[in-house]
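Taken in order, the sequence shown gives residues 99 to 243; the numbers are from the working numbering. Every residue, glycine too, gets a C-beta built ideally from N, C-alpha and C. A quick note: this is a predicted structure, and the numbers were derived from the prediction, not measured.
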Amino acid sequence: MDLTKLDTRRRAEEGSWLHLREPIHNQLLFADDGDELGDSGERRPMRLKLLGADSDTLQKYSRGLLDDQRRQAMTEGKSFRSSDEVEDDLIALLVAATVDCENILVDGEEVEPIKAELTALYERFPWIAEQAMRRIRDRAAYLKN
Numbered sequence: 099m100d101l102t103k104l105d106t107r108r109r110a111e112e113g114s115w116l117h118l119r120e121p122i123h124n125q126l127l128f129a130d131d132g133d134e135l136g137d138s139g140e141r142r143p144m145r146l147k148l149l150g151a152d153s154d155t156l157q158k159y160s161r162g163l164l165d166d167q168r169r170q171a172m173t174e175g176k177s178f179r180s181s182d183e184v185e186d187d188l189i190a191l192l193v194a195a196t197v198d199c200e201n202i203l204v205d206g207e208e209v210e211p212i213k214a215e216l217t218a219l220y221e222r223f224p225w226i227a228e229q230a231m232r233r234i235r236d237r238a239a240y241l242k243n
């Protein structure tokens, strides 16, 4: 077997679509709720395109976060990070990993894949952040065709 088929670094850099699921019954989410169909006549899945944990981009971002934490510890004498700081870092990592989004509606407006809107999405809906983090760590999701 040629290990190229298992090149998680390259495929993680290409990203993988995550179709969001509602947190109560784990049902797939669609922007149209079945009432209306998209221009193609098909339902419009709410989804995020996420880099995987093995991607060079995310690895570099993670190392940058660690370097910042180390510098802060040295300059401010802090040997630990508050839970708020850890949560902020997690949200920032999720935003860095999100390369696109489709059909995600909040307050009647479609979320755009820009830092401010993605940050607000992950902060307001922690269940979306949890799904995104699970996908990012799931190497198999990046190896599927």
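Counting along the chain, L163 sits inside the alpha helix (DSSP H) bounded by residues D154 to E174.
Remark: C-beta atoms of R232 and D152 do not approach each other more closely than 9 Å. The beta carbon of E200 is closer than 6 Å to those of R145 in its chain, skipping five residues each way along the sequence.
When C-beta atoms of the segment 118–130 are compared with those of the segment 173–183, fewer than three pairs fall below 8 Å, so the two segments do not count as touching.
Rounded to the nearest angstrom, the Cβ distance from L149 to V193 is 11 Å, too far for a contact under 8 Å.
Scanning the segment 177–203 from its first residue to its last, the whole alpha helix (DSSP H) runs of 4-plus residues come out as 181–195.
A distance below 8 Å between beta-carbons, with the five flanking residues on each side excluded, links R107 to the following residues of its chain, in chain order: D152, S153 and D154.
A straight line joining the alpha-carbon of Q170 with that of D187 spans about 13 Å.
Assignment of P121 by DSSP, reduced to helix, strand and coil, places it in the coil class.
Leaving aside the five residues that flank K176 on each side, the residues in its chain whose CB is nearer than 7 Å to its CB run, in chain order, Q170. Annotated three-state conformation of P224 is helix, per DSSP.
Take the alpha-carbon of Y220 and the one of I234: they are about 14 Å apart. Assignment of beta-bridge partners to R145 by DSSP yields H117 and E200. Around the CB of I122, fewer than 16 other CB atoms lie within 10 Å, so the residue is classed as exposed. For L216, DSSP assigns no beta-bridge partner whatsoever.
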